[in-house]
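Structure, as structure tokens:
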Ligand SMILES: [Zn+2]
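Shown next, in the form of structure tokens:
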């Protein structure tokens, strides 16, 4: 169902960077790291704080996910210059037009900076298109440092093949024995429980703010 993690046989992963939004998908992707690479795999958790208003709820949730996974480190990177290149959408959510691309490119750059070979995110195909992971990996290789393919972080989006069904997400969480109640995800500010993510949480019996 999901894309298996790819490995370079000669280089066991010393550390894996988890792009951690504090939502259910990030937590499941983190649990999959442990399942596929073993419980001792060092996870470096990174929260990209581009949305300070919602981040007040999301960042603590990301920290809880990092703690639950036994991550070696958790970091929050702030991007304060919203007025310059971010826009506020109709839901009051700060974003940029290439958010899916941006998140992974920043993550890859952070991984390079830290000498981390693997980047994992909980990005789902319904948000980006099924071909997104492969295209993104090609883009990273093509535009990486000096076109050095060996230095390009390897991207893993294990949830990309999942159907746009939160029931599938919950089934995967159950299989992995991962609780989702203290995750947080909302696409609206102020959060009023009406956005797509809140409605999905409601259907799944997860707390909605
Ligand atoms: Zn919401």
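Residue numbers (our numbering): 9 to 217.
Beta carbons are placed, not taken as given, at the ideal position from N, Cα and C, and that holds for glycine.
Item checked: beta-carbon residue 196 near ligand 1 non-hydrogen atom, thresh 7 Å -> yes
Notebook entry, point to check: How long is the line joining the alpha carbons of residue 111 and residue 140, rounded to whole angstroms?
Noted result: 13 Å
Checklist line | Any non-hydrogen atom of ligand 1 closer than 7 Å to residue 199 Cβ | finding: Closer than 7 Å to some heavy atom of ligand 1: that describes the Cβ of residue 199.
Checklist line | For residue 146 and residue 63, the rounded distance between their alpha carbons | finding: 31 Å
Next item on the list: Following the continuous beta strand (DSSP E) through residue 24, name the residue where it begins and the one where it ends.
Entry: Per DSSP, residue 24 is one residue of the beta strand (DSSP E) stretching across 23-27.
Notebook entry, point to check: residue 136 by DSSP, collapsed to three states: which one?
Noted result: Three-state DSSP puts residue 136 in a helix.
Next item on the list: Measure the alpha-carbon distance for residue 148 versus residue 126 and round it to whole angstroms.
Entry: Taking the CA atoms as reference points, residue 148 sits about 13 Å from residue 126.
Item checked: Any non-hydrogen atom of ligand 1 closer than 7 Å to residue 64 Cβ -> no
Item checked: Segment contact, 8 Å Cβ cut-off, at least three pairs: the segment 64-80 with the segment 168-183 -> no
Next item on the list: Could you say which of 82, 209, 195 and 212 lies nearest to residue 99 if we only look at CA atoms?
Entry: 195
Notebook entry, point to check: Straight-line CA distance for residue 165 to residue 128?
Noted result: A straight-line Cα-Cα distance of about 6 Å links residue 165 and residue 128.
Checklist line | DSSP-derived helix/strand/coil call for residue 178 | finding: helix
Next item on the list: Identify which residue in 199, 76, 124 and 182 has its Cα closest to the Cα of residue 212.
Entry: Per the Cα distances, 182.
Check: With 16 as the cutoff for other CB atoms within 10 Å, does residue 115 come out buried or exposed?
Finding: buried
Item checked: Cβ neighbour criterion (16 or more within 10 Å) applied to residue 191 -> buried
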